[in-house]
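If you read the sequences in order, they're chains X and Y.
Going by our numbering, 46 is the number at position 46 of the first sequence; the sequence numbering is gapless.
Going by our numbering, 53 is the number at position 53 of the second sequence; the sequence numbering is gapless.
For every residue, glycine included, the Cβ atom is placed at its ideal position computed from N, Cα and C.
Before any comments, here is the structure.
Number of protein chains: 2
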Amino acid sequence: MRITAQEEYGLRCLIQLARQTDGQGLTLKQIGEREGISTANAGKILWLLSNAGIVKSARGIKGGYMLARPSDQITVSDIISVFENADLEEHCKSFSGIQEVCVHNADCGIRPVLQILNETVKQVLSQITLAQLVHHECEVSQRLFQLQRAAPTTAAMSA
Amino acid sequence: MRITAQEEYGLRCLIQLARQTDGQGLTLKQIGEREGISTANAGKILWLLSNAGIVKSARGIKGGYMLARPSDQITVSDIISVFENADLEEHCKSFSGIQEVCVHNADCGIRPVLQILNETVKQVLSQITLAQLVHHECEVSQRLFQLQRAAPTTAAMSA
DNA sequence: GACATTGTTGACGAAAAAGTAAAGTATTCA
DNA sequence: TGAATACTTTACTTTTTCGTCAACAATGTC
C-alpha cells in the first residue's frame, strides 16, 4: 500500500501548477527542474494528466501546462486514479455505490479484501483537494490526524 | 496507490488463519490451496509475517501457522507494514506523532506530499482489525462508507 | 514562410517486484 | 533411530513498472 513514483510526481507537478497564481502556466522544462525529474519524464506524466482532463496544454513558443480547473475542484483521488492500471478497474466494476455494495455479491466471503480497502482509501483521498495540499502541507497533515481521531470509527465498526 | 500483490495475499492468508476457530492452524500447503497461490509463495509470505510477530509457526509433522494474537488485536495497518520496503521507513522518521508533525519541518513546503498521504492512509487502516474483515467483508465495507460520510471531513479541512 | 520553442507519441533499456526452485533444518511418530 | 512432514532460507527466473531517448507535430515570432 504505497503511492507509486508516478503518482507522487504527478501530485507534485500539479502542486507546482497550482502555485502559479498569475495564470501563466509552466513548461515541461520548468516543472522538471522544480521537481528534480527529467523533462522527458515530466512530459510523460503531464501527458497522462492532460488525457484525464486535469491539466490543459498549449504548444508553441508560448506553450506550457496549467490546471484545467481550480485547484479546490481537483481531489487527490482524481489524481491518483489517472495513474491506475485500467485493467484493475474492471476487477469489480459493480462496486459503484453504497446501495449496491452487497447486491452483486452473493459470494461475499470470496470477495477480495483488496477491493474493500481500495475503496476505503479512495473515499478518504476524495476528501483532500489539491488546494489544501498547496498552501501548507503540515496544516493538512494535522487536520487529517485530528479528523481521524475525532471520528468515532472504532465504535462504528464494532457496532 | 494500491495494495501490492504481497500485501493482498498476506491479508487473505491471515483471514484464512483467523477463520480457524479450533486452534488448529494451517499448513503452507493448505493456505496455498485456499488462496490459489503456490506453496512456495505462501511460504515466503508467511515467513515475513512470522518475522513480524503476527503469526507463529510450528515445524514438524504437526506443524503449521497460526495467529500470534487474537484477530481483533491485529490491524490492517500492522499487516501492510510488514511488506513495506524498510528503506522507505527512514525517509522521514521524524513523523511520529501529531505533536511533532511540524516541529521537525521548517522546510514544510519541500516536504514530500507522499509522506502525508501515506500517514493518512495508515491512520485509517489502523482502525480496521483483522477480526472485522473475517466475518463478512461486505458489512465492513458498508460500515466504512457510512463512517466516511458521517465524518464532517470537508468542514474540518476547510476550517 | 523559415525558424526556434514546446508539447506528443511510441519504442527501447534499466530497475524493481513477484514468483519459483531447491537445499537445509527442525519436529513428530513408528 | 530413521523416515516423513513441514517450516526456513537463499538464489534464480519471470514479469511488471519506471525512466529515457528520439522522432514527430503544432504554435508563435521574426
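Nearest-angstrom beta carbon gap, residue j and residue i [assumed within contact, 8 Å]
{"i": "T4 (chain X)", "j": "G63 (chain X)", "result": "28 Å between Cβ atoms; not a contact."}
{"i": "D78 (chain X)", "j": "I54 (chain X)", "result": "6 Å"}
{"i": "K49 (chain Y)", "j": "G25 (chain Y)", "result": "Contrary to the premise, residue 49 (chain Y) reads as Leu rather than Lys in this sequence. Contact doesn't hold; Cβ gap of about 13 Å is too wide."}
{"i": "E7 (chain X)", "j": "M1 (chain Y)", "result": "6 Å"}
{"i": "D72 (chain Y)", "j": "T120 (chain Y)", "result": "Wrong, their Cβ atoms sit about 23 Å apart, outside the cutoff."}
{"i": "I31 (chain Y)", "j": "L46 (chain Y)", "result": "7 Å"}
{"i": "V82 (chain Y)", "j": "A58 (chain Y)", "result": "So it is not a contact: roughly 20 Å between Cβ atoms."}
Interface flag, residue i vs chain Y, CB-CB below 8 Å
{"i": "D87 (chain X)", "result": "Unreliable positioning characterises D87 (chain X) in this predicted model, as indicated by a pLDDT of 48, which lies under 50. The coordinate reading is nonetheless provided below. So, not an interface residue."}
{"i": "V124 (chain X)", "result": "yes"}
{"i": "L17 (chain X)", "result": "no"}
{"i": "V55 (chain X)", "result": "no"}
{"i": "W47 (chain X)", "result": "no"}
Below-8 Å beta-carbon distance, residue i vs any chain X residue
{"i": "T21 (chain Y)", "result": "no"}
{"i": "V76 (chain Y)", "result": "yes"}
{"i": "N118 (chain Y)", "result": "yes"}
{"i": "E33 (chain Y)", "result": "no"}
{"i": "D107 (chain Y)", "result": "For D107 (chain Y), the pLDDT reaches just 45, beneath the cut-off of 50, and the residue's location in the model is therefore unreliable, leaving the point undetermined."}
Closer than 7 Å: residue i CB and nearest the ligand ATP heavy atom
{"i": "I31 (chain Y)", "result": "Summarising the ligand content, the structure contains no ligands, and the ligand ATP is consequently not present."}
Interface partners of residue i on chain X, CB under 8 Å
{"i": "I80 (chain Y)", "result": "M1"}
Amino acids of chain X, ordered along the chain, whose beta-carbon sits closer than 9 Å to that of residue i
{"i": "E84 (chain Y)", "result": "M1, R2"}
{"i": "L114 (chain Y)", "result": "R2, I3, E7, E8, L11, R12"}
Practice task
Could you tell me whether the segment 126–135 of chain X touches the segment 13–21 of chain X, using the rule of 3 or more Cβ pairs below 8 Å?
Solution key: yes
Practice task
Decide if the segment 111–129 of chain Y is in contact with the segment 59–76 of chain Y; the criterion is three or more beta carbon pairs, one per stretch, under 8 Å apart.
Solution key: yes
Exercise for the section: May I have a chain-ordered list of the beta strand (DSSP E) segments no shorter than 3 residues that lie completely inside the segment 4–71 of chain X? Expected result: 55–58, 64–67
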